[in-house]
Structure formats: C-alpha cells, structure tokens
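Colleague:
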Amino acid sequence: MATLYLHIGHGKTGTSWIQSCFRSSVNELKKHDIVYAKGADSYLANPNMISSGNANSLLESRSSFESNLAKSPIQNGNSLLFSSEDLFKQITEKNVQDFIEAVASDYGFDRIKILLFIRNPIRTVVSAWQQRIKRLGFHHISITDLHEHAGMCGGKVLRVERLLDYVEKSHSIDLTVRNYSRCKDNLIGEVAQWLNVPEEIF
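Per the numbering used here, the sequence shown starts with residue 27, numbered consecutively.
#1: Count the other C-beta atoms from every protein chain shown that fall within 10 angstroms of the C-beta of Leu-30, then say buried if there are 16 or more, exposed otherwise.
#2: Could you pull out every residue in the same chain whose Cβ sits closer than 6 Å to the Cβ of Cys-209, ignoring the five residues on either side in sequence?
#3: By Cβ distance below 6 Å, which residues in the same chain neighbour Asn-222 in space, the five residues on each side in sequence not counted?
#4: Give the secondary structure of Lys-38 by DSSP, where H, G and I count as helix, E and B as strand, and everything else as coil.
#5: By DSSP, does Ile-76 sit in helix, in strand, or in coil?
#6: Would Pro-73 pass as a contact of Ser-93 if the rule is Cβ separation under 7 Å?
#7: State the beta-bridge partners of His-33 as determined by DSSP.
#8: Quickly, what does DSSP pair Ile-60 with across the bridge? List them, please.
#9: So, Gly-65 versus Asn-53, is the Cβ gap smaller than 7 Å?
#10: Quick check on DSSP: helix, strand or coil for Leu-184?
#11: What's the gap between the Cα of His-33 and the Cα of Thr-118?
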C-alpha cells in the first residue's frame, strides 16, 4: 500500500533532530519501501545539519503539492515521506482539504498518514523564549515577559482542533498525535512505530 507520510511538527518538538534521523537513514528507509522525498534539505552535505526539512512549501497550494510529488515519483508501491514544521500551519490554513486527498490519489497514494507532536503549553513558551535569547541575543527579556508568546500557544491549540475536525471527516487520512512532553525520551521510537519500521534502522 503506497502511503504518503507527513510529519508536520509542530515547533519545539524535536523536528530538526527527527529530520536529521530521516536524512541519515535514507538507505535503510528505502529497504522498507519508504522514500524520504527530495526537498530543500537535499543539498546538505552533512545529514546532521539543522534545516527546515524537505517540505517547506509542500501544501502552499494544489500546484505546489503536485510539483513536489512529481519530484519524487513513487515506484512499485513505494511510500513517500515529507517532514516540515511549516506543514502544521499549511494544513490548517491553506484550504488544503480542498485538494490533498484528490491529488494524493492521482499520484498513486492509497492513504495519507500524518504525525503531529504537540507539547505542553508552558514548556513550549519557555523553549521558545530560550531560543529567542540564544539566537537573537535579547538578554533583557525576563521570564516574566513570557506572556508575549501566549498567542503562539493559543494558535497551536486552534490548529490542532481544526486538524482533528478535518481528519474526522476525511476518508483516507490517518492522524497520529503524540505529546512530546511525555515521549521525548522515546521520540524515534514513536516515529518508527508511525512508519511501521524497526527503530534500529535510525
């Protein structure tokens, strides 16, 4: 069964590390009939480098979806794997429900499997705050100013609700949601289970 696998984040849930595991295990994934699709991170010489994944614009529009699928045509029932935090926003805000299942079917996929890691809101905010300091050097921002990021968490909750509502009405989409805050010590195990492959291949 040809499956379109979409790992959609969301942010602050180990996405970059998971993507580096995908890139480091391309050959092993192929042995299990899963192709890590060609995308923006294909140019990286070192698979461990941080990137935004291979699906930055995958679901921006129907034409973008078709273009990206055409770059990695499936053969002999192979499945295709995409990963990007951007997908979490795209899949809930770009009218993706109008085309995703039809296009996937046209390109030979029998089903779509989506993996979403969520994270406890307070830990998400703290992690974002720490990253902001680390990357931008805003050392004057105190822990008491975390309320500035409250909207970020609220937006994620609404997107999760939209996604759950849509998947409930779909015919070929299977959604897996895991709480990163509870399973971060077995993250790759969760990914392997979702892909139905042995954890040892990563």
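Think of the CB as a built atom: it goes at the ideal place given N, C-alpha and C, for glycine as much as any other residue.
Modeller: Looking at the atomic coordinates:
#1: When all chains shown are included, Leu-30 counts as buried.
#2: So the list reads Glu-216, once near-sequence residues are dropped.
#3: Apart from the 5 residues on each side of it in sequence, Asn-222 has no Cβ closer than 6 Å to any other Cβ in its chain.
#4: The answer is coil: DSSP assigns Lys-38 none of H, G, I, E or B.
#5: Here Ile-76 sits in coil by DSSP.
#6: At a Cβ-Cβ threshold of 7 Å, Pro-73 and Ser-93 do not count as neighbours.
#7: Its beta-bridge partners are Ser-109, Leu-141.
#8: The beta-bridge partner set that DSSP reports for Ile-60 consists of Ser-105.
#9: In this structure, Gly-65 keeps its C-beta atom at 7 Å or more from the C-beta atom of Asn-53.
#10: Assignment of Leu-184 by DSSP, reduced to helix, strand and coil, places it in the helix class.
#11: Straight-line Cα distance between these residues: approximately 14 Å.
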